[in-house]
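Let me begin by presenting the structure, written as structure tokens, before commenting on it.
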Amino acid sequence: NAGVMQNPRHLVRRRGQEARLRCSPMKGHSHVYWYRQLPEEGLKFMVYLQKENIIDESGMPKERFSAEFPKEGPSILRIQQVVRGDSAAYFCASSKSNIAGDTQYFGPGTRLTVL
Amino acid sequence: QKEVEQDPGPLSVPEGAIVSLNCTYSNSAFQYFMWYRQYSRKGPELLMYTYSSGNKEDGRFTAQVDKSSKYISLFIRDSQPSDSATYLCAMSEGAGNMLTFGGGTRLMVKP
């Protein structure tokens, strides 16, 4: 059984470029969460999506960041006009449902470096 | 004050020791508590998942939750060098809600 898959694993962008991070949840999972881990800091929640719906985006920066989880295909986290402070590891997690006992399983992460 | 506090370590122990890892939190609405293990440059791996107060045991790992004290613990028995990693506590108010993480404790088990 494949776990949560993320690509690319490493992404280098220059300031002002766009970054697109992809996440394929575990088979049978329809809930996706994105977290960011800044250097020397803990994981911070960004956004929670179900298929075609954003459920909670309280952790998303107000500008330049967006996320989607279309009916078909992976979830995408998009960062426009990247700045050096966006350099971090971005982790995606998925769960089967939002009922008790179904917790979140994490992917390997995408490490974004902004030059 | 952070919502979830965790001593960053590093915690260095000899092989075979019992390890105690802890987190304190301030949000009394947290109901679900998890421990994740994260190896360097890898994603977090779920170790333990508990609901409300009480103990849960799985092999060498025991998780304890004391909601009255807002304190959770993870015990590792017979620690092995392969247990060397960063341990993250996480908690949420409801099933399916976002996880709030501690900063992680780095553990080193020396042969």
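Top to bottom, those sequences are chains A and B. Oh and the first sequence: position 63 is 55 in the working numbering, straight run, nothing missing. If you count the second sequence from 1, you need to add 11 to reach the working numbering. Glycine included, every Cβ here is placed at the ideal spot set by N, Cα and C.
- Using a CB distance below 8 Å, the part of the segment 40 to 65 of chain B facing chain A consists of 43, 45, 47, 52, 53, 54, 55, 56, 57, 60 and 62, ordered along the chain.
- Around the C-beta of residue 30 of chain A, fewer than 16 other C-beta atoms lie within 10 Å, and the residue is accordingly described as exposed.
- Within 7 Å of the CB of residue 45 of chain A, no CB atom of chain B is found; the nearest one sits about 13 Å away.
- Here residue 16 of chain A is not near residue 62 of chain A, since their CB atoms are 8 Å or more apart.
- Taking 8 Å as the upper bound for CB-CB distance, residue 27 of chain B and residue 89 of chain B are in contact here, some 6 Å apart.
- Between residue 97 of chain B and the set B:29, B:61 and B:56, the nearest pair of CA atoms involves B:56.
- Cβ-Cβ distances below 7 Å link residue 79 of chain A to 104, 105 and 106 in the same chain, with the five nearest sequence neighbours on each side left out; the list follows chain order.
- In the structure shown, the three-state DSSP call for residue 93 of chain B is helix.
- Counting only unbroken stretches of 3 or more residues, the beta strand (DSSP E) elements lying wholly within the segment 30 to 94 of chain A are 35 to 42, 45 to 48, 57 to 60, 67 to 71 and 80 to 87, in sequence order.
- Against chain B, a Cβ distance below 8 Å from residue 87 of chain A picks out 107.
- Closest in C-alpha terms to residue 100 of chain A, from the list B:42, B:12 and B:49, comes B:49.
- Residue environment: residue 75 of chain B is assigned as buried (16 or more neighbouring CB atoms within 10 Å of its CB, all protein chains considered).
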